[in-house]
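> Per the working numbering, the sequence shown runs over residues 931 to 1211.
For glycine and all other residues, C-beta sits at the position ideal for the given N, C-alpha and C.
Before anything else, here's the structure in question.
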Amino acid sequence: MPILTRRNLNKLRLVALLPILLVLGACSSQKIVFPYPDEQVNLGVEGLRPPALYIDKVTDLRPPEQRAGQGHFMHIRFPKDSSWYRPVTEIYGQALVQDMEQTALAELVAYPEQAEYFLNVDIMSMSCTFDRDVWSFLMPSALGMGLGMLTSDDTSHRISTGVVLSLVALAAIPVPSQSAAEVRLRVTLKDLRGNIVWQENCVGDVGDRVYAAATARQDQQYVDRFLTRRQTGNWKPGTGNRRPTTTNQPTGRTDRAAAHQPPLFRTFHPRSAKAATRVSR
């Protein structure tokens, strides 16, 4: 029976402690921010005064799994409500205000009595997902164990070293994974009488392969990359025509090299004759 030396005890402590450290490292406590671009793009209709617009309400109608978040290692849905630095309605509302001010699409007013139109936004979905498969854990573990087997002739030493190297490899070696984001909005414009003069269901989703360690959580990085990604569609602003649903764009940030395409909520000019009587079903 092998003697339990101080050296072996230290290794056992390390083996027991590493999984705890890895799990704690995978739990991100930093609040998620929503960066929105500061760019001036005039999307007003030439010769028409921008209408007076009051943002009446931004309502959070996201499903419970988005609000609470899901998963830890394999399939993760984020950010959960407690991870955002502010409530989602405030985050989106601020982006909407900033966008209207930057585009001259409408003149925002502070009080309902000053408005010609009222804008309401229902947030149906606004989240990111991150997916790993079992190989994300098996490949680094196998590599670490294989290296451990080459370190000594003593079986117990090789096994303990292999376990330590496997855990280190899980935390250090990036493996192929998949991340995506989705935003679904219902945007409604009403006149002074409360009649709906325009309504649009806006959907954007985008995803791509990413490389991350099996225990890594890079939530802010994926929010920046996917949830605020720029729009490169073919819709022309200021025409009053319906913009096709985008499948590669969550929030629709404009791309300076793509004819300044408008965000998802930049899809209507209230004084456009074509749009004034159109309601999307």
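Can you list the alpha helix (DSSP H) stretches of 4 or more residues lying completely in the stretch 1069-1107, in chain order?
For the stretch 1069-1107, whole alpha helix (DSSP H) runs of length 4 or above, ordered along the chain, are 1085-1102.
> Taking the alpha-carbon positions, what's the F1048 to Q1028 distance?
Taking the first residue of the sequence shown as position 1, residue 1048 is located at position 118. Taking the first residue of the sequence shown as position 1, residue 1028 is located at position 98. Taking the straight line joining both Cα atoms gives about 17 Å.
> Taking DSSP as the reference, what is the three-state secondary structure of W1165?
To locate residue 1165, count along the sequence shown from 1; it is residue 235. Residue confidence is low: W1165 scores 30 on pLDDT, short of 50, so the model does not pin down where it sits. No coordinate-derived value is stated.
> Which value, in whole angstroms, describes the spacing of the CA atoms of I1103 and V988?
Here the question's residue 1103 lines up with position 173 in the sequence shown. Here the question's residue 988 lines up with position 58 in the sequence shown. One C-alpha to the other measures close to 42 Å.
> Compute the distance between the beta-carbons of L1115 and M1054, then report whether it is under 8 Å.
One-based indexing of the sequence shown puts residue 1115 at position 185. One-based indexing of the sequence shown puts residue 1054 at position 124. Closer than 8 Å, so yes.
> By DSSP, does Y1152 sit in helix, in strand, or in coil?
Counting from 1 along the sequence shown, the entry for residue 1152 is found at position 222. In this structure, Y1152 counts as helix in the three-state DSSP scheme.
> Exposed or buried, I1126, counting other C-beta atoms within 10 Å across all chains shown (16 or more means buried)?
If you number the sequence shown from 1, residue 1126 lands on position 196. By the 10 Å Cβ count, I1126 comes out exposed.
> On the DSSP bridge list, what partners appear for R1114?
Numbered from 1 along the sequence shown, position 184 holds the residue referred to as residue 1114. S1055 and V1133.
> Can you tell me whether R992 is helix, strand or coil according to DSSP?
By 1-based counting over the sequence shown, the position of residue 992 is 62. In this structure, R992 counts as coil in the three-state DSSP scheme.
> Measure the alpha-carbon distance for I991 versus G1076 and round it to whole angstroms.
Locating residue 991 in the sequence shown gives position 61, counting from the first residue. Locating residue 1076 in the sequence shown gives position 146, counting from the first residue. Sequence check: residue 991 is Leu here, not Ile. So the two alpha carbons sit approximately 49 Å from each other.
> Reducing DSSP to helix, strand and coil, say where Y984 ends up.
Working through the sequence shown from its first residue, we reach residue 984 at position 54. Of the three classes helix, strand and coil, the one that applies to Y984 here is strand, per DSSP.
> State the DSSP-derived secondary structure class of H1190, mapped to helix, strand or coil.
Position 260 of the sequence shown, counted from the first residue, corresponds to residue 1190. With a pLDDT of 34 at H1190, under the threshold of 50, the modelled position of this residue cannot be trusted; read the value that follows with caution. If DSSP states are grouped into helix, strand and coil, H1190 belongs with coil.
> On a Cα-Cα basis, can you pick out the residue from A1040, P965, V963 and Q1148 that is closest to T1059?
Here residue 1059 corresponds to residue number 129 of the sequence shown, with the count starting at 1. Closest by alpha carbon: Q1148.
> Leaving aside the five residues before and after Q1150 along the sequence, list all residues of the same chain whose C-beta is less than 6 Å from its C-beta, in chain order.
Translated into positions along the sequence shown, residue 1150 becomes position 220. For Q1150, where only same-chain residues beyond five positions count, the Cβ hits under 6 Å are I962.
> Out of A1110, I985, G1092 and T1118, which one is the CA nearest neighbour of R1155?
As a position in the sequence shown, residue 1155 is number 225, starting the count at 1. R1155 has its Cα closest to that of A1110, out of A1110, I985, G1092 and T1118.
> Helix or strand or just coil, what does DSSP make of P1147?
As a working mapping, residue 1147 is identified with position 217 in the sequence shown. According to the sequence displayed, residue 1147 carries Arg and not Pro. Three-state result, R1147: coil.
> Is it buried or exposed, T1085, if we count other Cβ atoms within 10 angstroms and call 16 or more buried?
One-based indexing of the sequence shown puts residue 1085 at position 155. Exposed, by the Cβ-count rule.
> Tell me the residue span of the beta strand (DSSP E) that contains I962.
Locating residue 962 in the sequence shown gives position 32, counting from the first residue. Counting along the chain, I962 falls outside any beta strand (DSSP E), and DSSP gives it neither H nor E.
> Among the residues of its own chain, which have a CB less than 6 Å from the CB of Y1152, if the five just before and after it don't count?
Against the sequence shown, residue 1152 aligns to sequence position 222. The residues are C1058 and S1109.
> Could you give the first and the last residue of the continuous beta strand (DSSP E) run that contains F1003?
If you number the sequence shown from 1, residue 1003 lands on position 73. First-last for F1003: undefined, no H or E at that position.
> Thinking A1099 and S1071 are a contact (beta carbons under 8 Å), I'd like their distance in whole angstroms, please.
As a first step, residue 1099 is located in the sequence shown; it is residue number 169 there, counting from the start. As a first step, residue 1071 is located in the sequence shown; it is residue number 141 there, counting from the start. Rounded, the Cβ-Cβ distance is 7 Å, consistent with contact.
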